[in-house]
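So the sequence shown is numbered by my numbering: it starts at 37 and just counts up by one.
C-beta atoms are modelled at their ideal positions from N, C-alpha and C, and glycine is treated no differently.
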Amino acid sequence: GIIAFFVATLWEFLQIELIKVMYEKKVVGGENTSDESDGRNCKEGEGSEGGRLLFKQLWIPIFIYVASLALYISGAVTELMFFENSDIGSPGVCLRSFNLATLGNALVSPSSLTDNSAPGQTWILFLVYVILVLAFPVLTHILQVIFLIGWSRSMKLKRMIKWTSAIWCFACIEVLLIGVFAVEFKFPQLVGKLAGDTNAGFLEVKSGLGIGFYILIAYSVVAGFLQWSLIVRYDEKKQLLAESVAEMENAV
Numbered sequence: 037g038i039i040a041f042f043v044a045t046l047w048e049f050l051q052i053e054l055i056k057v058m059y060e061k062k063v064v065g066g067e068n069t070s071d072e073s074d075g076r077n078c079k080e081g082e083g084s085e086g087g088r089l090l091f092k093q094l095w096i097p098i099f100i101y102v103a104s105l106a107l108y109i110s111g112a113v114t115e116l117m118f119f120e121n122s123d124i125g126s127p128g129v130c131l132r133s134f135n136l137a138t139l140g141n142a143l144v145s146p147s148s149l150t151d152n153s154a155p156g157q158t159w160i161l162f163l164v165y166v167i168l169v170l171a172f173p174v175l176t177h178i179l180q181v182i183f184l185i186g187w188s189r190s191m192k193l194k195r196m197i198k199w200t201s202a203i204w205c206f207a208c209i210e211v212l213l214i215g216v217f218a219v220e221f222k223f224p225q226l227v228g229k230l231a232g233d234t235n236a237g238f239l240e241v242k243s244g245l246g247i248g249f250y251i252l253i254a255y256s257v258v259a260g261f262l263q264w265s266l267i268v269r270y271d272e273k274k275q276l277l278a279e280s281v282a283e284m285e286n287a288v
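Structure follows, in structure tokens:
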């Protein structure tokens, strides 16, 4: 069921991107700046033919980028969630803590794969976790820093930032946080149901969210705003003028 849902979601995103591209080509006529203009000169925060970023000062998106990267690294290495369980009357306590990396490793740990009826699908789930939660955010930030360096050197890598936006759509940090919160919120009740009414009285289970959970919430907001601010924008009047000129050239 998880794999089918993932494939359906992936196909839906591909359809959305395809419809968007077809709309831009057939209705809007595409952007006025062609890919050949990537190497043309552009001012700091503003490109040729009206292309510009949200902020004219380039140091602002650079500062947001550094902040988002710091939040991701700190949120990934600090505690995301923990589980604590003990037998009633026993002094021993079992404490398990997870961060962003160890939570994925727990899917394919020896204890998780023991008596697992679907080990292959568990490994597929682990690979999806690594790609969407770890690889895609890192790849997004690598492309963002390349784009910022190119923009500072008067190069408009607008096609790259489009691919960056598409990759960022699949970076599922915020989706993971929603799932972690749902699991932690009802985990003691879940264990009690699995243990049964007779055995539930002998177990004491506690769970909680670590500081990494709240750091990653801040990261999701900051990183989302960063990607939105890096979209190349075009002046509407200049775009209409360029469309009119293009129509006259086609008529000639």
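Where residue i and residue j are concerned, what is the direct C-alpha to C-alpha distance, given to the nearest angstrom?
i	j	result
Y108	I247	12 Å
I178	F206	15 Å
A44	M284	44 Å
L90	C130	50 Å
L163	L94	36 Å
F193	V241	The identity of residue 193 in the sequence shown is Leu, whereas the question assumes Phe. Their backbone Cα atoms lie some 52 Å apart in a straight line.
E80	S188	Since pLDDT at E80 reaches only 43, below the 50 mark, its modelled position is unreliable, and the value read off the structure follows with that caveat. Distance between the alpha carbons of E80 and S188: 6 Å.
F41	F217	20 Å
N152	F119	21 Å
I185	A154	46 Å
Y250	K62	44 Å
G83	I267	Low confidence applies here, because G83 scores a pLDDT of 44, under 50, leaving its location unreliable and the question unanswered by this model.
Using the DSSP secondary-structure output, state which residues sit across from residue i in a beta bridge.
i	result
K242	E120
R195	Paired residues: none, contrary to the question.
C130	N121
Between the Cα of residue i and the Cα atoms of the options, which residue gives the shortest distance?
i	options	result
F49	I251, W199, S153	W199
S265	P146, L136, Q180	Q180
R269	K92, S153, L149	K92
G136	L262, I267, L245	Before going further, note that residue 136 is Leu rather than Gly in the sequence given. It is L245 whose Cα lies nearest to the Cα of L136.
Could you tell me the boundaries of the alpha helix (DSSP H) in which residue i lies?
i	result
I178	172–188
G87	Here G87 belongs to no alpha helix (DSSP H), and DSSP marks it neither H nor E.
Would you say the region 165–177 touches the region 200–216, given that touching needs at least three Cβ pairs under 8 Å?
yes
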